[in-house]
Structure formats: structure tokens, C-alpha cells
């Protein structure tokens, strides 16, 4: 139980949020000061990430009983945050006395009575998502939101589903049991040596944080020590700063959105505390430096622990990948749309490596990253044929088909989902309905 004195200190000194749009020419500066506790840095970063902000720079200091975080942020187009509604929300979300009460808090999550959460983890293989969606459709379950990540031959998913008829959470124990059994059978497939797991609940969770936790628990960071793809991995290093009794973690990798969240999430879930940190992501490469100790107060004290920290941070960076030719679909939403579209891709020998699915006001606005299932560049003639089947104005190509032959530097040692499903908020403040 939390110490009453710590609660009193926080009530007397609630987080102070300062938003500055004048000092920096090309970014909004957000400063948060508060009493310190383990996990508070992640919760601040989580709020900024859930609002789809891009963090270009950050300064972190949390030595002692207080912390101060300073973030330079922009919107998706690289502009300052000037909308007063959004700024007011930031002040409320980061500065309220009731802030930071739950490390699983998320912006826009609906009540658990509105949906059932299904967590899945198992071996990755082509076509797995299509099979999972077919089972859910057969059992008359509608996917509201969901994300699927694959890494190092493993796949994890968190889906929010409802009963197709009632539009609410699935409460029938017998139906829930059938859902778990059938999904687990699909996850197992013919691979009996690898564990598959399905969990059904009605709790509220932060999907991306949960996916990191699931894959970390599944030890997806372990890989053969054969030196394969060594030059493609992020540059992660851990050294001890003996004068200050810290371990210093440095990370260099190709920049992308949510990179800061992924690394801070992993350090937090590994029970490390960030005392000081600097982040610079203004160029194509992101640089992160953290002074850390384990929650027990000690720095990294063995080579085995150092290697584990490096492997886990590499895995955290690699899990979130966008590969292949980008296709954007916009059409009237209907149940089964995602299954139909990915089936067409599969019939044309395309593998979906990632998908972002969102529905708003009855419109489905989906993004797919596709590659040739055999590893060759995507044939433009196949894309033309697919667009004729689906509709030229409905499915649009973004990028050059020849670019699909290039592999991502953040994606070693992984199988590709046939229909990888990733659903996230279309707007800043809510998770929106999406089809299965």
C-alpha cells in the first residue's frame, strides 16, 4: 500500500505543467515538475504519445524526491501545438492532482463494460491474422480496436471486441471459453514446441504498453548468437559511471514516432529508474542517453545483466516496424471489410506486414504495408489488378512499388504476418470503432 506521507506530498505539490510556445522557433516546449515516483516518466511520455505528438528533444532529471521533464514536441506535420483545446487537455492530463494514479492509464480508453479485451501470443506465421479474424467472425465477435506486433518469430495481439448483436462486451462465460479455446488452437497451429496463450478479460489496458509487456514476458528478445543482422540492429550500449554510481545507456537508431515511448516503457518494466536523460531526435537518427539504476538502487552489475538490457532495448525498438509498399484504403465501413481486403492481398501473393485500421463516422480509413510473399519486389501489375478489384478511388498507392524490395533496418529475424492488424486512434482524443 502506498505510503500516506507520499500521498500527502503529492496532494500538497501536484504536478506543475508549463507550456511555452515562444522560446523555441519550431517546437512547443512542455515542462512537467512534480514529486517523484517510479514510473512517472513513462506516464508523462505515454500521455504525449497517445496524443500523437512527436518528441524532437527531451531533458529528464529526477534525482531525489522530485522530477523535472522538458519536452520539445510538434504535431504530425511538424508544427507547434497551438490549439487551445489540446493545450488545455495537456494541462489537465499532466497537471491534475489525480494524474499518475495508474501506470496503465490511457487517453480515450472506453469503459471496460463496452468491450472485451482479448490478448493473444504465439508463433508467427503467414496468414495467422486471417485465421484469427475468421474465428472471431464465425463466433460473431466484432473487433473495435486491436494491435498485432511480430518480432523474432513471435506474435502478440491485444484486441478490444464486442458481441456483434448487442454491440457490448461479451459476458457469457460459455462463449468466452469457446473464444479462448478456438483462438488458442489457431495460435498453436502445427507448432507444439512453442507456447501459445489466449487471455480474455474486461479490464482497461493501454494496448501498446501491454504488447511490450507480453513480448518481454515471452522473451522475444532472445535470439541465436550467430551475428546475423548485426549491422541492422540499433546501436545500444551500456557502461557504468562509477564516480556517480549510475549505468549510462546510449541508444542510436533510425528515428520514428513512439521510439521514446518504446525505450522508456522497456526500462520501466525492467524495473530500472531513469535519473537523468537527454533525447535528440531532430534529424533522421535519434540519440537517447539515460543514467539509470535498478529499482533496488544498484547500477548494472554484471556483463550478463548488461547484455540483457541491450537485447531488451533492441527488441523494444524492433517490434514496431513498417515495411513494404504503402496502400491506403478509404471506403464505407462494414463488418468483414478487413478480412475481405487481406484475402484479396493473399490471393495475389502479397503479405501484409502491418496495417493501421480506423473507422470514423461510418468510414473505414485503413493503411496497409504489403510485400511479395516470396520476398521479391511487388509487381506493379499485381497492384493495378488489386485496385481494379477493390476500386481505383478506394485503394491508393503511396510510394514506389520498387521500394518494397528494401528491408527495414529495424526488422531482423521475424516472420511476416499474412494480414498484420494494427488499429489505433484516428483522432487525438479517442479510440475509434474499427471493423474486424
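Residue numbers (my numbering): 4 to 439.
All C-beta atoms in this analysis are idealised placements derived from N, C-alpha and C, irrespective of residue type, glycine included.
Alpha carbon to alpha carbon, how far is residue 164 from residue 315? By 1-based counting over the chain shown, the position of residue 164 is 161. By 1-based counting over the chain shown, the position of residue 315 is 312. So the alpha carbons of these two residues sit roughly 30 Å apart.
Return the Cβ separation of residue 190 and residue 125 in integer angstroms, given the expectation that the two are a contact with Cβ distance under 8 Å. By one-based count along the chain shown, residue 190 stands at place 187. By one-based count along the chain shown, residue 125 stands at place 122. The pair is a contact, with the Cβ atoms about 3 Å apart (cut-off 8 Å).
Backbone CA spacing between residue 178 and residue 302 [nearest angstrom]
Taking the first residue of the chain shown as position 1, residue 178 is located at position 175. Taking the first residue of the chain shown as position 1, residue 302 is located at position 299. Cα to Cα, the separation comes out at about 48 Å.
Counting only the same chain and skipping the five closest in sequence on each side, list residues whose C-beta sits under 6 Å from that of residue 56. Working through the chain shown from its first residue, we reach residue 56 at position 53. The answer, listed in chain order, is 76.
Residue 180, buried or exposed, once every other Cβ within 10 Å from all chains shown has been counted against 16: Your numbering for residue 180 matches position 177 in the chain shown. Classification of residue 180: exposed, given that the 10 Å Cβ count is below 16.
Contact between the segment 25-40 and the segment 67-86: three or more CB pairs below 8 Å?
-> yes
With H, G and I counted as helix, E and B as strand and the rest as coil, what does DSSP make of residue 318? Translated into the one-based positions of the chain shown, residue 318 becomes position 315. Helix, per DSSP.
Inset, instruction - Evaluate the contact criterion for the segment 330-343 versus the segment 357-367: three or more CB pairs, one atom per stretch, below 8 Å. - result: yes
Would residue 3 and residue 258 qualify as a contact pair, given that the criterion is a beta-carbon distance under 7 Å? Given a span of 4 to 439 for the chain in the structure shown, any question on residue 3 remains unanswerable.
- What is the DSSP secondary structure of residue 180, reduced to helix, strand or coil? Within the chain shown, the letter at position 177 stands for residue 180. Residue 180: helix per DSSP, three-state reduction.
Query raised in the report: With which residues is residue 381 paired in a DSSP beta bridge?
Result: For this step, residue 381 is matched to residue 378 along the chain shown. In the DSSP output, where bridge partners are listed per residue, residue 381 has none listed.
- Task: Have a look at the DSSP bridge pairing and note the partners of residue 22.
- Result: Taking the first residue of the chain shown as position 1, residue 22 is located at position 19. In DSSP, residue 22 forms a bridge with 33.
(request) Can you give me the Cβ contacts of residue 377 inside the same chain, cut-off strictly under 8 Å, excluding the 5 residues immediately before and after it? (result) To locate residue 377, count along the chain shown from 1; it is residue 374. If we look at residue 377 and ignore the five residues flanking it on each side, its Cβ neighbours are 352.
Own chain, CB closer than 6 Å to residue 240, minus 5 neighbours either side, in chain order | As a working note, residue 240 is residue 237 in the chain shown. Only 253 meet the Cβ criterion.
- Task: With residue 154 as the anchor, note down where its beta strand (DSSP E) starts and where it stops.
- Result: Here residue 154 corresponds to residue number 151 of the chain shown, with the count starting at 1. Unbroken beta strand (DSSP E) run through residue 154: 144-154.
Looking only at DSSP bridge pairs, what is residue 166 linked to?
-> As a first step, residue 166 is located in the chain shown; it is residue number 163 there, counting from the start. Answer is 144, bridged to residue 166.
Notebook entry, point to check: In or out: residue 145 buried (at least 16 other Cβ within 10 Å) or exposed?
Noted result: In the chain shown, residue 145 corresponds to position 142, counting from 1. Counting Cβ neighbours within 10 Å, residue 145 comes out buried, since at least 16 surround it.
*What's the C-alpha gap between residue 246 and residue 360?*
Taking the first residue of the chain shown as position 1, residue 246 is located at position 243. Taking the first residue of the chain shown as position 1, residue 360 is located at position 357. Near 50 Å, if we compare the C-alpha coordinates of residue 360 and residue 246.
Same chain only: Cβ atoms within 6 Å of residue 292, ignoring 5 sequence neighbours per side:
Within the chain shown, the letter at position 289 stands for residue 292. Once the five neighbours on either side are set aside, the close Cβ partners of residue 292 are 253, 281.
Around the C-beta of residue 217, are 16 or more other C-beta atoms found within 10 angstroms, so that it is buried, or is it exposed?
Numbered from its first residue, the chain shown carries residue 217 at position 214. Its Cβ being crowded by 16 or more others within 10 Å, residue 217 is buried.
Please confirm whether any heavy atom of the ligand COA lies closer than 6 Å to the CB of residue 212.
The model depicted lacks the ligand COA and carries no ligand whatsoever.
Report task. Would you tell me roughly how many angstroms separate the C-alpha atoms of residue 159 and residue 122, rounded to the nearest one? Result -> Residue numbering aside, residue 159 sits at position 156 when the chain shown is read from its first letter. Residue numbering aside, residue 122 sits at position 119 when the chain shown is read from its first letter. Straight-line Cα distance between these residues: approximately 8 Å.
(message) Give me the DSSP bridge partner(s) of residue 328.
(response) Along the chain shown, read from residue 1 onward, the residue named residue 328 stands at position 325. Residue 328 pairs with 373.
Margin query: By alpha-carbon positions, which one of 198, 306, 299 ends up nearest to residue 41?
Written below: As a working note, residue 41 is residue 38 in the chain shown. Of the candidates 198, 306, 299, the one whose C-alpha sits nearest the C-alpha of residue 41 is 299.
Which one of 294, 333, 324 has the shortest CA to CA distance from residue 63? Working through the chain shown from its first residue, we reach residue 63 at position 60. Residue 294 is the option with its Cα nearest to residue 63.
Provide the residue span of the alpha helix (DSSP H) that contains residue 97, from first to last. As a first step, residue 97 must be located in the chain shown, where it is residue number 94. It spans 87-98 - the alpha helix (DSSP H) in which residue 97 sits, taken as one unbroken run.
query = Rounded to a whole number of angstroms, what is the C-alpha to C-alpha distance between residue 343 and residue 129?
reply = Here the question's residue 343 lines up with position 340 in the chain shown. Here the question's residue 129 lines up with position 126 in the chain shown. Going from the Cα of residue 343 to the Cα of residue 129 covers about 16 Å.
| message | For a quick check, are the C-beta atoms of residue 387 and residue 347 less than 7 Å apart? | response | Here residue 387 refers to the residue found at position 384 when the chain shown is read from its first residue. Here residue 347 refers to the residue found at position 344 when the chain shown is read from its first residue. In this structure, residue 347 does not lie closer than 7 Å to residue 387 by Cβ.
Practice problem: Count the other CB atoms, across all protein chains shown, that sit within 10 Å of the CB of residue 49; report buried if there are 16 or more and exposed otherwise. | Solution: Within the chain shown, numbered from 1, the residue matching residue 49 stands at position 46. Buried: at least 16 other Cβ atoms inside 10 Å.
Query raised in the report: Comparing alpha-carbon positions, which option in 260, 82, 133, 379 lies nearest residue 321?
Result: For the purposes of this step, residue 321 is identified with residue 318 of the chain shown, where counting begins at 1. Considering only alpha carbons, the answer is 260.
Practice item. Leaving aside the five residues before and after residue 138 along the sequence, list all residues of the same chain whose C-beta is less than 7 Å from its C-beta, in chain order. Key: To locate residue 138, count along the chain shown from 1; it is residue 135. Answer for residue 138: 185, 186, 189, listed in chain order.
Name the residue from 355, 27, 161 whose alpha carbon lies nearest to the alpha carbon of residue 205. Here residue 205 refers to the residue found at position 202 of the chain shown. Checking every option, the nearest Cα to that of residue 205 belongs to 161.
**Message:** Does residue 64 come out as helix, strand or coil in the three-state DSSP assignment?
**Reply:** Indexing the chain shown from 1 puts residue 64 at position 61. Reduced to three states, the DSSP call for residue 64 is strand.
In terms of residue numbering, what span does the alpha helix (DSSP H) encompassing residue 279 cover? Here residue 279 refers to the residue found at position 276 of the chain shown. Taken as a continuous stretch (DSSP letters only), residue 279 belongs to no alpha helix (DSSP H), being part of the beta strand (DSSP E) at 275-283.
Roughly how many angstroms separate the alpha carbons of residue 242 and residue 383, rounded to a whole number? Here residue 242 corresponds to residue number 239 of the chain shown, with the count starting at 1. Here residue 383 corresponds to residue number 380 of the chain shown, with the count starting at 1. C-alpha separation (whole angstroms): 48 Å.
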